[in-house]
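Residue numbers (the numbering used here): 21 to 371.
Just so it is clear, CB atoms sit at the ideal spot from N, CA and C, and this is done for glycine as well.
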């Protein structure tokens with residue numbers, strides 16, 4: 021399976037009829053196991069017992085993970101979230117990121133969701149899953165290592181080189197391509213549910229990869245005059261990036277991701293250095309704040325990140341067009357938000 025010293029050979033899936041049926045069977049199996057109410061350790065052992073084949077990822081042994089991470093050395097820690105710790109490691113002669121999942125039921129649920137999505141759907145702008153370990157001692161997922169960290173890091177860490185306008189355009193267009201793929205790769209759209217700058221990872225070419233699929237759902241497409249949404253059992257995600265219909269009524273549709281993407285657009289181009297949610301400004305929510313600023317001043321150009329200007333930029337009109345796209349995506353009425361396909365066409369025209 022090893023292709024070069026830095027890249028694992030992962031074959032993209034072929035979506036023929038038989039393969040699609042196999043995908044749906046796997047989705048059914050993991051969802052059945054995950055909703056059964058049994059203990060986290062049993063969830064993992066049931067997956068092992070069923071000997072589910074994941075042809076697009078490699079099953080790793082626990083000993084391989086220990087060796088890859090120097091026995092989960094603290095010096096290799098890249099970050100820590102609510103459901104696990106991410107380590108930098110070397111596996112099969114390739115630099116990788118290894119997420120060690122907590123043994124809580126929510127942690128195992130996250131692992132199952134990640135396996136469910138990343139092992140079945142491949143795209144240039146979705147984080148690549150190289151392998152996995154389901155042994156109860158340390159359930160882990162092995163990812164492509166992203167040399168430039170997260171988009172959030174690049175926007176808000178002043179010690180890092182600011183992104184140019186051209187780089188920002190390429191990044192948001194790539195994010196939109198990845199999300200559009202999720203919404204169109206199957207008969208039911210895959211709704212990411214937690215799109216934010218911290219979940220957009222950048223490789224050494226600054227190509228964006230969407231990560232963290234622990235809240236991904238299968239849902240309906242929402243069009244004008246259509247009520248194709250469902251009600252979530254509970255609200256989760258990052259509130260500053262979530263649309264009002266989800267926060268107040270738990271309504272989930274493809275337009276949830278559209279709203280979150282629009283918030284990422286605002287975060288990337290405008291008001292850089294400000295948190296998406298802050299009690300130090302009025303309104304506290306960044307999307308509402310930007311709308312408030314435009315209403316009162318007729319423009320938001322005074323909030324453009326000065327670091328975004330470069331010699332390619334020809335005038336302020338282009339910034340107005342991008343904020344228009346962002347405001348369309350964050351329309352308070354979900355049925356009036358554009359699809360990601362429409363948004364992608366606009367972004368590709370601008371770039």
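Validate contact between the segment 254-271 and the segment 177-184 using beta carbons, cut 8 Å, 3 pairs: Touching, no, given that fewer than three Cβ pairs across the two stretches are closer than 8 Å.
By the 10 Å Cβ neighbour count, where 16 or more other Cβ atoms means buried, how is residue 54 classified, buried or exposed? As a position in the chain shown, residue 54 is number 34, starting the count at 1. Its pLDDT being 48, under 50, residue 54 is placed unreliably by the model, and the measurement read from it follows with that caveat. Within 10 angstroms of the beta-carbon of residue 54 lie 16 or more other beta-carbons, which makes it buried.
Where do the ends of the alpha helix (DSSP H) carrying residue 229 lie? For this step, residue 229 is matched to residue 209 along the chain shown. Unbroken run through residue 229 is the beta strand (DSSP E), 228-230; no alpha helix (DSSP H).
For residue 149, three-class secondary structure by DSSP: Numbered from its first residue, the chain shown carries residue 149 at position 129. Taken through DSSP and simplified to helix, strand or coil, residue 149 comes out as strand.
Whose C-beta lies closer than 7 Å to the C-beta of residue 195 among residues of the same chain, with five residues either side of it excluded? On the chain shown, residue 195 is found 175 positions in, with the first residue counted as 1. Excluding positions up to five away in sequence, the list reads 145, 220, 228, 230, 281, 284.
Are the segment 198-205 and the segment 151-161 touching by the rule of at least three beta carbon pairs closer than 8 Å? Cβ pair count under 8 Å is below three, so no.
Are residue 271 and residue 159 touching if we call contact CB-CB under 9 Å? What you label residue 271 is simply residue 251 of the chain shown in a count that begins at 1. What you label residue 159 is simply residue 139 of the chain shown in a count that begins at 1. Cβ distance not < 9 Å, so residue 271 and residue 159 don't count as in contact.
What residue ranges within the segment 167-215 form continuous alpha helix (DSSP H) runs of no fewer than 4 residues, ordered along the chain? The alpha helix (DSSP H) runs of length 4 or more contained entirely in the segment 167-215 are, from start to end of the chain, 171-176, 185-204.
Where do the ends of the beta strand (DSSP E) carrying residue 114 lie? The count along the chain shown starts at 1 and reaches residue 114 at position 94. Where residue 114 is concerned, the enclosing beta strand (DSSP E) stretches over 114-121.
Out of 166, 350, 90, state which residue places its alpha-carbon closest to the alpha-carbon of residue 287. Walking along the chain shown from the start, residue 287 turns up at place 267. Comparing Cα-Cα distances from residue 287 to each of 166, 350, 90, the minimum goes to 350.
Could you compute how far the alpha carbon of residue 327 sits from the alpha carbon of residue 224? Taking the chain shown and counting its residues from 1, the one referred to as residue 327 is at position 307. Taking the chain shown and counting its residues from 1, the one referred to as residue 224 is at position 204. In a straight line, the C-alpha of residue 327 is about 20 Å away from that of residue 224.
Measuring straight from C-alpha to C-alpha, what distance separates residue 319 and residue 339? Taking the first residue of the chain shown as 1, we reach residue 319 at position 299. Taking the first residue of the chain shown as 1, we reach residue 339 at position 319. Approximately 10 Å between the Cα atoms of the pair.
With a threshold of 16 other CB atoms inside 10 Å of the CB of residue 337, please say whether the residue is buried or exposed. Position 317 of the chain shown, counted from the first residue, corresponds to residue 337. When all chains shown are included, residue 337 counts as exposed.
Which word fits residue 37, buried or exposed, when buried means at least 16 other C-beta atoms lie within 10 angstroms of its C-beta? Within the chain shown, numbered from 1, the residue matching residue 37 stands at position 17. Note that residue 37 scores a pLDDT of 37, beneath 50, so its modelled location is shaky and nothing firm can be said.
Is the CB of residue 119 under 9 Å away from at least one CB in chain B? In the displayed structure, chain B is absent; only one protein chain is listed.
Top-ranked residue by Cα proximity to residue 344, from 359, 311, 361: Taking the chain shown and counting its residues from 1, one reaches residue 344 at position 324. Checking every option, the nearest Cα to that of residue 344 belongs to 311.
Beta-carbon proximity list for residue 358, same chain, < 6 Å, skipping 5 on both sides: Against the chain shown, residue 358 aligns to sequence position 338. Result list for residue 358: 348, in chain order.
Could you pull the DSSP bridge partners for residue 299 from this structure? Locating residue 299 in the chain shown gives position 279, counting from the first residue. DSSP output for residue 299 lists no bridge partner at all.
Closer than 8 Å is the cut-off here; do at least three beta carbon pairs connect the segment 102-114 with the segment 135-149? No, they do not touch.
Simplified DSSP state of residue 162, which is helix, strand or coil: By 1-based counting over the chain shown, the position of residue 162 is 142. Residue state, collapsed to three classes: strand.
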